[in-house]
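For the protein sequence lines, the chains are D and F, in the order given.
Note that our numbering numbers the first sequence so that position 279 is 331, with each residue one more than the last.
Note that our numbering numbers the second sequence so that position 253 is 305, with each residue one more than the last.
Number of protein chains: 2
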Amino acid sequence: MTPSLTFNVLAQDGSARTGSITTPCGVVRTPAFMPVGTGATVKAMFPEDVAAAGADILLANTYHLMLRPGAERIAKLGGLHRFMHWEKPILTDSGGYQVMSLAKLRRLDERGVTFQSHIDGSSVMLSPERAIEVQCLLGADIQMVLDECTPYPATREEAKSSLDLSLRWAERSKTAFFARAKPGQGLFGIVQGSVYADLRELSARALMDIGFDGYAIGGLAVGEGQAAMLEMVEVTAAILPPECPRYLMGVGTPEDLLLSIARGIDMFDCVMPTRSGRHCQAFTWTGKLNLRNARYADDPTPLDPESACPAAQYERAYLHHLVKSGEALGSMLLSYANVQFYQELMARARDAIAQGCFASFAEDVRRRYAAANPNDDD
Amino acid sequence: MTPSLTFNVLAQDGSARTGSITTPCGVVRTPAFMPVGTGATVKAMFPEDVAAAGADILLANTYHLMLRPGAERIAKLGGLHRFMHWEKPILTDSGGYQVMSLAKLRRLDERGVTFQSHIDGSSVMLSPERAIEVQCLLGADIQMVLDECTPYPATREEAKSSLDLSLRWAERSKTAFFARAKPGQGLFGIVQGSVYADLRELSARALMDIGFDGYAIGGLAVGEGQAAMLEMVEVTAAILPPECPRYLMGVGTPEDLLLSIARGIDMFDCVMPTRSGRHCQAFTWTGKLNLRNARYADDPTPLDPESACPAAQYERAYLHHLVKSGEALGSMLLSYANVQFYQELMARARDAIAQGCFASFAEDVRRRYAAANPNDDD
């Protein structure tokens, strides 16, 4: 039996498309934004509110979960869905990115990467095979190959050598996945190549030769700037097979999402809505607000009158009071409202694509964000 | 028109009684436990979950709200109920207790107390009249007279002199209340007298001569120990008029509540369920648990299988993981579960009183708590 998920494109508008991915735990409508549930929780949110906000799928971090509470423990407790009270699809990353950004005393060789846990200092080994084993223990519906997320900046030679290692790991990841995964689960390859268009093309074609259920674009939003990012997205998405979902990792602002959807991207993840929520910032249909700003102290307007989110019905004056007082409810309400804004943005994008008016929709959102008070955008 | 709330005793079992208080914003079933919403939020809880947990009424702190965001501001925004999205009854304290425990550079005289705000250092005056003005601006359904919470320990002379000042302030509070309050709102006097039974009696009788809608017992749970506390509760409750609600301020553990209900107390407030929730402790029908304890790392049991609270359905292993990881969701779930446990405790107490079996119910709960693992009770 071949594990695989299915992807259907329902409508296309320019390079933007809307469709659905069918996984063992349900359907993901695309374009999709995945809230990040790093440590088996989308920070400061009840899981039922993540679902109520409209999220079809969330992302969990292999690195964090293998260190705490441990993948074997989660498997024994019935898998990640059950552990964190989330019945819908879950995508797990491979852990590679966090090893490079969080772990100490790394040693990287052909076999994999050995590192010291940032939690208890123990020595941990992550290989392509172990990354898949962990993701299968968690029971992830969509799994990612282990790759080396090429640091930025990188010379052409560094990027090429890193990419070659990632390709060998991708092949080993696929072998491990087919030996372990359950029917319906899927595995995505990850395109690397830094900001070099020819390397991106080389990486994409080599991954397509191996063959994956979907293709991610990694190593972007790491400091290269929006223009370079969008160029790499455009070059890469144009090569990737149209019958597979395309996932831009770690992106981004509402504008980044719309510009990337216009270039053919189907999936995103980012900590931005939740992290911003914990830092007093709100994404709304009238732009970005910083609730610490004194102008909101007496403002009886709901956070976002255009949003259907229960949290967005709270008045700005109250939210200002909560964040000034350091109350947990401030983070809870802003995280909820932001996660739902991102979901509403994706829902409207899907509708616009289906109706063939995506470009004007994206321009309308861009104008709303440009008109928002610049003092609030900090 | 005379502002007043109404209290009906429905059943009595020994000195314990069950009834209902009717306020402008709805009915409060007694015995009632009021979750504490210090800064216009019950910490780490959505207001709709506080209501779903079964709370008929919550307590808000005059001291905190007059300093931030300000009583006049809340009044302009439509009052405290609207500000904090809580439509049910609210009781406010007078601010006196917090002035003594939180404010710096206090100066207390016949007129009132002047202090330095712990938030911005400004000089603030709290008199009996201002305490009532603030509570009326907030729109509290049940208001408290300004008193001096006698520190513990206090000599008989100190306690008497403090009590006398509080009585003069109680009279001024009542005058101010009748000039300002809206129909249906109520004012409670506060019995002081430290651990001196004759002073408690003197205080209670003097307050009854002034006449209030209800009577609180203050200045307890401040270090005098459970036996002394219960003795003062028993002495005082026996004197207070049976047709008025009796409120024991700042208490306490589940055992304290049941022992006080047995002595005729109708209302309580305490930060214990929410503060414990933020410190990894859970009140359950099988006793108190400390979720940081390693024994829960692999425990698939729901937090409290006997509770109807959605938060109590989460497995102990997951809660252990959340609190070990410092995740906000841990505090959110434990606060919710604890607040609901306290409400379920009150609901069962009301039923037991109505059925005439309160003593055996209280003994059953005491035994459950005594049987819980002592290591978890820290």
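A virtual CB, placed ideally from N, CA and C, is assigned to each residue, including glycine.
ask   = From what residue to what residue does the alpha helix (DSSP H) around A289/F run?
value = Per DSSP, A289/F belongs to the alpha helix (DSSP H) from 278–291.
So R232/F packs on I184/F, CB below 8 Å; how close in whole Å?
Contact annotation, R232/F with I184/F: C-beta distance approximately 6 Å; criterion of less than 8 Å satisfied.
Check your understanding: Over what stretch of residues does the alpha helix (DSSP H) that includes A273/F continue unbroken?
Key -> No alpha helix (DSSP H) contains A273/F, which DSSP labels as neither H nor E.
- [ ] List the DSSP bridge partners of F410/D.
- [x] DSSP output for F410/D lists no bridge partner at all.
Output yes or no for whether 9 Å exceeds the beta carbon distance between A389/F and C409/F. Not a contact, by the Cβ cut-off of 9 Å.
Say whether chain F places a C-beta atom closer than 9 Å to the C-beta of T353/D.
Not an interface residue.
Q. At which residues does the beta strand (DSSP E) containing I194/F begin and terminate?
A. Per DSSP, I194/F is one residue of the beta strand (DSSP E) stretching across 194–196.
Next on the checklist: Measuring straight from C-alpha to C-alpha, what distance separates L386/D and L374/F?
Outcome noted: Computed Cα separation, rounded: 20 Å.
Item to complete: Examine chain D for any beta-carbon lying closer than 9 Å to the beta-carbon of H133/F, and answer yes or no.
Response: Between H133/F and chain D, the shortest Cβ-Cβ separation is not below 9 Å.
To test your reading of the DSSP string, which unbroken beta strand (DSSP E) runs of 3 or more residues are found completely within the stretch 289–362 of chain F?
Those beta strand (DSSP E) runs which fall completely within the stretch 289–362 of chain F and span 3+ residues are 298–300, 319–322, 333–336, 339–342.
query: Relative to chain F, which residues along the stretch 112–123 of chain D have a C-beta separation below 8 Å, given in chain order?
result: For the stretch 112–123 of chain D, the set of positions with a beta-carbon nearer than 8 Å to some beta-carbon of chain F reads R120, P121 in chain order.
Review point. How far does the beta strand (DSSP E) with T70/D in it reach, from first residue to last?
Key: Per DSSP, the unbroken beta strand (DSSP E) holding T70/D starts and ends at 68–75.
Could you name the residues of the stretch 137–154 of chain D whose beta carbon sits closer than 7 Å to any beta carbon of chain F, in the order they occur along the chain?
So the close ones are H137.
Element boundaries [beta strand (DSSP E), containing G241/F] | 238–243 is the span of the beta strand (DSSP E), which, as asked, contains G241/F.
Item to complete: Give the residues from the stretch 81–94 of chain F that approach chain D closer than 7 Å (Cβ to any Cβ), ordered along the chain.
Response: Within the stretch 81–94 of chain F, the residues whose Cβ lies closer than 7 Å to some Cβ of chain D are G91, A92, T93, listed in chain order.
Own chain partners of S383/D with C-beta closer than 7 Å, once the 5 adjacent residues on each side are dropped: The beta carbon of S383/D is closer than 7 Å to those of A96, G329, R330 in its chain, skipping five residues each way along the sequence.
Note to self: Could you check whether L154/F and H133/F sit closer than 9 Å to each other, using their CB atoms as the reference points?
What the structure shows: No, these two residues do not count as a Cβ contact at 9 Å.
### Query
Under the rule that 16 or more other beta-carbon atoms within 10 Å means buried, what is M136/D, buried or exposed?
Buried, since its Cβ has 16 or more Cβ neighbours within 10 Å.
Self-check item: Neighbour-count burial assignment, P205/D, 16 or more Cβ in a 10 Å radius
Solution: So P205/D ends up on the exposed side.
- Item | Cβ-based neighbour list, A63/D, same chain, cut-off 6 Å, excluding 5 preceding and 5 following | Once the five neighbours on either side are set aside, the close Cβ partners of A63/D are T70, I405, A406.
To the nearest angstrom, report how far apart P101/F and S56/D are at their CA atoms.
Looking at the sequence provided, one finds Asp at residue 101/F rather than Pro. Rounded to the nearest angstrom, the two C-alpha atoms are 41 Å apart.
- request: Please report the Cβ distance between E200/D and G148/D, rounded to the nearest whole angstrom; I am assuming they are in contact, meaning their Cβ atoms lie under 8 Å.
  value: The beta-carbon distance between E200/D and G148/D, rounded to whole angstroms, is 6 Å. This is short enough to meet the 8 Å contact definition.
- Determine the chain F residues that contact D199/D at a beta-carbon separation under 9 Å, and present them in chain order. Listed by position along chain F, the residues whose Cβ is nearer than 9 Å to that of D199/D form an empty set, because the closest Cβ is around 26 Å away.
Do we get a CB-CB distance below 9 Å when we pair G130/D with the residues of chain F? For G130/D, the answer is yes, since a Cβ of chain F falls inside 9 Å of its Cβ.
If you measure between the beta carbons of F59/D and S72/D, is that distance less than 9 Å?
Using a Cβ distance threshold of 9 Å, F59/D and S72/D count as a contacting pair.
- Item | Three-state secondary structure assigned by DSSP to P180/F | Of the three classes helix, strand and coil, the one that applies to P180/F here is helix, per DSSP.
Does H331/D have its Cβ less than 9 Å from a Cβ in chain F?
Under the Cβ distance rule, H331/D does not count among the residues neighbouring chain F, no pair being separated by less than 9 Å.
**Message:** Quick check on this structure: which residue in Q365/F, N345/F, T144/F has the alpha carbon closest to the alpha carbon of Q237/F?
**Reply:** Per the Cα distances, T144/F.
* Please go through the same chain and pick out, in chain order, the residues whose beta-carbon is closer than 6 Å to the beta-carbon of E286/F, but skip the five residues on each side of it. => Within the same chain, E286/F has close Cβ partners R315.
task = Determine the burial state of M177/F: buried for a count of at least 16 other Cβ atoms within 10 Å of its Cβ, exposed for fewer.
result = Flag for M177/F reads exposed.
- Query: Is the stretch 180–194 of chain D touching the stretch 237–257 of chain D in the sense that three or more CB pairs, one from each, lie closer than 8 Å?
  - Reply: Segments in contact, yes.
>> What does the alpha-carbon distance come out to for the pair D216/F and P357/D?
In response: Roughly 53 Å separates the two Cα atoms.
Note to self: Classify G263/D: buried if its beta carbon has 16 or more other beta carbons within 10 angstroms, exposed otherwise.
What the structure shows: With fewer than 16 Cβ atoms within 10 Å of its Cβ, G263/D is classed as exposed.
Exercise. Find out if the Cβ-Cβ distance for the pair R159/D, M152/D is shorter than 9 Å.
Key: With respect to the 9 Å criterion, R159/D and M152/D are not classified as neighbours on the basis of their beta carbons.
With burial defined as no fewer than 16 other Cβ atoms inside 10 Å of the residue's Cβ, what is the status of G91/F: buried or exposed? It is buried - the Cβ of G91/F has at least 16 other Cβ atoms within 10 Å.
Hey, is M324/D's beta-carbon within less than 9 Å of any beta-carbon in chain F?
For M324/D, the answer is no, since every Cβ of chain F falls outside 9 Å of its Cβ.
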